[in-house]
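Enquirer: Here the sequence shown stands for residues -21 to -1, 1 to 368, numbered as in mature numbering (1 follows the signal peptide of the UniProt record, and there is no 0). Cβ atoms here follow ideal geometry from the backbone N, Cα and C, with glycine treated the same way.
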Amino acid sequence: MGRSFVMQLLPLLAVCGSAASLATDWSPREQAALDACPCADVSLCLPVERSPAFEVFAFSPSANSSNWHYYDFSTVTTIAWNLDKDLLCHAHAHHVKIVISHNFDAVDKLCDAEARRAWVEATYDSIVAHYADGVNIDTEAGMSGAAAKCQTQLVRELRARLSLSKFTQHAQISFDVPWSPHGIDQRYYDWVGLATYADLLFVMSYDMRSQIYYQCLAGANSPLALVQKGLEEYMTGYGIPPSKLVLGLPWYGYDYPCTALASTICHIQPVPFRGAPCSDAAGRQLDYAAIVARLGNVVPSWDEIAASPYFTPPDATTSQIWFDNDRSLAAKYDLAREMHLLGVGMWHIDALDYSGKETPVASTAKMWQTLRNAVPTQVRAIANPMANE
């Protein structure tokens, strides 16, 4: 360990043990990274030790954006994919974890032990290089049988490797899974094995019209009853404990061009996907901010069965937009609490309009307040009270 890093950490080491004894725990790779810490306070380059009672897992794909300045760091507990160094320092100061993205997409190499070993080592290197608190695995390839078993072995080997190093011994491993375990998009994974070796499964309860086997119609991206059914299938059908599941929800929607629009029924172009004759690929994704802009003064309709809003834009009378707003999301946040899940999350946190900065626009303020309300009261009471800097 570099002398400068040790000297700056002496107050912390006085609590944890002597500098000499702790220094031997860091690998040369970790020492080099810590000596190059980009934060003014080098302790902010160490992993966050907080394990929240209720997880709020946010994907932030806009790496070169200033959006993160306006996140609520008293509510979010993990931010995935955004490796901005200023964000890192700020997030760690608020005990919020930062996790990298690292996928193994070569399905044909999953049963190659050397390919797995190289991927595992590369994952460790990337976590250390980015001072991250773990890794999110978003491999969404269709697979079954031996490949699925080898994918579980990959996560098992990753867990074993990370546990060997001081910096990564408590690293969070999250794995993104579809809304249902029953072959969505041809994914027949080893759900029980993945839940065993990952800290959490991020259940992507959106894009639930990726495969349509009946009439090609526009519809809800995340219908409430189907969200509940998918979660129950993981828990009851596969025995996965709710404490391993984070309910991932959409902060976006779909704009569907209608080949025919009769009353509220929007027929869409058949676009096949992984064996299904129709899919949501007939539409295009819109972030919540863009949807609010398209909405204008229109009052959206409400589908009682799907518990989702939709509308026909005034500037395009032959299309239909289905989305989630604070009302539909609140119902699903309530579901997560009622089912005693580990927490909730969203794709994605940058979908809101942050142009108001410290004074958020009404739609953004409402979405954040709804998310805050999702955190159980007893958890909010013990959460880190530090305000955004």
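To which residues of the same chain is residue 112 closer than 7 Å at the C-beta, ignoring the five residues directly before and after it?
Expert: Position 133 of the sequence shown, counted from the first residue, corresponds to residue 112. 26, 27, 76, 77, 78, 150 and 151.
Enquirer: For the segment 56 to 63 against the segment 33 to 46, do three or more pairs of beta-carbon atoms, one drawn from each stretch, fall closer than 8 Å, so that the two count as touching?
Expert: Short answer: they touch.
Enquirer: Tell me which residues share the same chain as residue 114 and place their Cβ nearer than 8 Å to its Cβ, disregarding the 5 neighbours each side in the sequence.
Expert: For the purposes of this step, residue 114 is identified with residue 135 of the sequence shown, where counting begins at 1. Hits under 8 Å: 78, 79, 80, 81, 102, 105, 106, 137, 150, 151, 152 and 153.
Enquirer: Helix, strand or coil for residue 47? Go by DSSP, reduced to three states.
Expert: Residue mapping note: residue 47 aligns to position 68 of the sequence shown, counting from 1. Looking at residue 47 - three-state DSSP - the assignment turns out to be helix.
Enquirer: Could you please give the first and the last residue of the uninterrupted beta strand (DSSP E) stretch that includes residue 325?
Expert: Numbered from its first residue, the sequence shown carries residue 325 at position 346. Where residue 325 is concerned, the enclosing beta strand (DSSP E) stretches over 322 to 326.
Enquirer: Is it right to say residue 194 is buried, meaning 16 or more other beta carbons lie within 10 angstroms of its own, or is it exposed?
Expert: As a first step, residue 194 is located in the sequence shown; it is residue number 215 there, counting from the start. Counting Cβ neighbours within 10 Å, residue 194 comes out exposed, since fewer than 16 surround it.
Enquirer: Determine the burial state of residue 66: buried for a count of at least 16 other Cβ atoms within 10 Å of its Cβ, exposed for fewer.
Expert: Translated into positions along the sequence shown, residue 66 becomes position 87. Buried.
Enquirer: With a threshold of 6 Å on Cβ separation, who are the neighbours of residue 209 within its own chain once the five nearest residues in sequence on each side are excluded?
Expert: Locating residue 209 in the sequence shown gives position 230, counting from the first residue. Taken in chain order, the residues that qualify are 158 and 159.
Enquirer: In terms of residues, what are the limits of the beta strand (DSSP E) holding residue 133?
Expert: Mapped onto the sequence shown, residue 133 falls at position 154. Looking at the DSSP string, residue 133 is not in any beta strand (DSSP E); the run it does join, the alpha helix (DSSP H), is 124 to 142.
Enquirer: DSSP beta-bridge partners for residue 288?
Expert: Counting from one through the sequence shown, the residue named residue 288 turns up at place 309. Bridge partners of residue 288: 281.
Enquirer: Pairs of beta-carbons, one from the segment 239 to 252 and one from the segment 200 to 215, closer than 8 Å: are there three or more?
Expert: No contact exists between the segment 239 to 252 and the segment 200 to 215.
Enquirer: With a threshold of 6 Å on Cβ separation, who are the neighbours of residue 347 within its own chain once the five nearest residues in sequence on each side are excluded?
Expert: Taking the sequence shown and counting its residues from 1, the one referred to as residue 347 is at position 368. Closer than 6 Å at the Cβ level, and outside the excluded window around residue 347, lie 51.
Enquirer: Within its chain, find whatever has a CB closer than 8 Å to the CB of residue 254; leave out the 5 residues flanking it on each side and keep chain order.
Expert: Taking the sequence shown and counting its residues from 1, the one referred to as residue 254 is at position 275. These residues qualify, in order along the chain: 165 and 190.
Enquirer: Check whether the segment 297 to 313 touches the segment 223 to 237, counting contact only when three or more Cβ pairs, one atom from each stretch, lie closer than 8 Å.
Expert: Contact holds: three or more Cβ-Cβ distances are below 8 Å.
Enquirer: If I'm right that residue 110 touches residue 339 with Cβ under 8 Å, what's the distance once you round it to whole angstroms?
Expert: Here the question's residue 110 lines up with position 131 in the sequence shown. Here the question's residue 339 lines up with position 360 in the sequence shown. No, residue 110 and residue 339 are not in contact; Cβ-Cβ is about 29 Å, not under 8 Å.
Enquirer: Residue 227 to residue 322, Cα distance in whole Å?
Expert: What you label residue 227 is simply residue 248 of the sequence shown in a count that begins at 1. What you label residue 322 is simply residue 343 of the sequence shown in a count that begins at 1. When rounded, the distance between both Cα atoms is 9 Å.
Enquirer: Can you find the residues in the same chain that come closer than 7 Å, C-beta to C-beta, to residue 46, ignoring five residues on each side of it along the sequence?
Expert: As a working note, residue 46 is residue 67 in the sequence shown. Excluding residues within five positions, the ones whose Cβ falls inside 7 Å are 329 and 333.
Enquirer: For the putative contact between residue 179 and residue 225, defined by C-beta atoms under 8 Å, what is the C-beta separation to the nearest angstrom?
Expert: Position 200 of the sequence shown, counting from 1, holds the residue named residue 179. Position 246 of the sequence shown, counting from 1, holds the residue named residue 225. Yes, they are in contact, since the Cβ atoms of residue 179 and residue 225 sit about 5 Å apart, within 8 Å.
Enquirer: What number of angstroms, rounded off, separates the C-alpha of residue 129 from the C-alpha of residue 89?
Expert: The residue you call residue 129 lines up with position 150 of the sequence shown. The residue you call residue 89 lines up with position 110 of the sequence shown. The straight-line gap from Cα to Cα measures roughly 6 Å.
Enquirer: Rounded to whole angstroms, what is the Cα-Cα separation between residue 37 and residue 87?
Expert: Translated into the one-based positions of the sequence shown, residue 37 becomes position 58. Translated into the one-based positions of the sequence shown, residue 87 becomes position 108. Each residue's Cα considered, the two are about 30 Å apart.
Enquirer: According to the neighbour-count rule (16 or more other Cβ atoms, all chains shown, within 10 Å of its Cβ), is residue 320 buried or exposed?
Expert: Looking up residue 320 in the sequence shown gives position 341. So residue 320 counts as buried.
Enquirer: Comparing C-alpha positions only, which one of 181, 161, 146 and 93 sits nearest to residue 116?
Expert: By 1-based counting over the sequence shown, the position of residue 116 is 137. Taking only the C-alpha atoms, the option nearest residue 116 is 181.
Enquirer: Report the residue from 246, 72, 139 and 23 whose alpha carbon sits nearest the alpha carbon of residue 261.
Expert: On the sequence shown, residue 261 is found 282 positions in, with the first residue counted as 1. The candidate whose alpha carbon is nearest that of residue 261 is 246.
Enquirer: Taking the straight line between their C-alpha atoms, what separation do you get for residue 265 and residue 95?
Expert: As a first step, residue 265 is located in the sequence shown; it is residue number 286 there, counting from the start. As a first step, residue 95 is located in the sequence shown; it is residue number 116 there, counting from the start. The straight-line gap from Cα to Cα measures roughly 36 Å.
Enquirer: If you scan the segment 203 to 277 from start to end, which runs of the beta strand (DSSP E) of 3 or more residues do you find wholly inside it?
Expert: If we require 3 residues or more, the beta strand (DSSP E) runs fully inside the segment 203 to 277 come out as 224 to 229, 231 to 236, 239 to 241, 244 to 246 and 263 to 266.
Enquirer: In whole angstroms, what separates the C-alpha of residue 201 from that of residue 353?
Expert: The residue labelled residue 201 in the question sits at position 222 within the sequence shown. The residue labelled residue 353 in the question sits at position 374 within the sequence shown. The straight-line gap from Cα to Cα measures roughly 17 Å.
Enquirer: What residue from 308, 17 and 342 has the CA that sits closest to residue 271's CA?
Expert: For the purposes of this step, residue 271 is taken as residue 292 along the sequence shown, with counting starting at 1. Here the closest residue by C-alpha is 342.
Enquirer: Tell me whether residue 310 is buried or exposed, calling it buried when 16 or more other Cβ atoms sit within 10 Å of its Cβ.
Expert: Within the sequence shown, numbered from 1, the residue matching residue 310 stands at position 331. Result: exposed.
Enquirer: Where do the ends of the alpha helix (DSSP H) carrying residue 317 lie?
Expert: As a working note, residue 317 is residue 338 in the sequence shown. Taken as a continuous stretch (DSSP letters only), the alpha helix (DSSP H) holding residue 317 covers 305 to 317.
Enquirer: What separation, rounded to the nearest whole angstrom, lies between the Cα atoms of residue 363 and residue 294?
Expert: For the purposes of this step, residue 363 is identified with residue 384 of the sequence shown, where counting begins at 1. For the purposes of this step, residue 294 is identified with residue 315 of the sequence shown, where counting begins at 1. Note that residue 363 scores a pLDDT of 39, beneath 50, so its modelled location is shaky; the value from the coordinates is reported in the next line. If I take the Cα positions, the gap works out to 45 Å.
Enquirer: Should residue 84 be labelled buried (16 or more other beta-carbon atoms within 10 Å of its own) or exposed?
Expert: For this step, residue 84 is matched to residue 105 along the sequence shown. So residue 84 counts as exposed.
Enquirer: For residue 125, I'd like the list of residues in its chain whose CB is within less than 8 Å of its CB, leaving aside the five on either flank, ordered along the chain.
Expert: For the purposes of this step, residue 125 is taken as the residue at position 146 of the sequence shown. Excluding sequence neighbours, residue 125 sits near 90.
Enquirer: Work out the CA separation of residue 57 and residue 20 for me, nearest whole Å.
Expert: For this step, residue 20 is matched to residue 41 along the sequence shown. For this step, residue 57 is matched to residue 78 along the sequence shown. Going by the C-alpha atoms only, they are around 20 Å apart.
Enquirer: How long is the line joining the alpha carbons of residue 11 and residue 143, rounded to whole angstroms?
Expert: For the purposes of this step, residue 11 is taken as the residue at position 32 of the sequence shown. For the purposes of this step, residue 143 is taken as the residue at position 164 of the sequence shown. C-alpha separation (whole angstroms): 18 Å.
Enquirer: How far does the alpha helix (DSSP H) with residue 347 in it reach, from first residue to last?
Expert: Numbered from its first residue, the sequence shown carries residue 347 at position 368. From DSSP, the alpha helix (DSSP H) with residue 347 extends over 341 to 353.
Enquirer: What first and last residue would you give for the beta strand (DSSP E) that runs through residue 62?
Expert: Along the sequence shown, read from residue 1 onward, the residue named residue 62 stands at position 83. No beta strand (DSSP E) holds residue 62; DSSP gives it neither H nor E.
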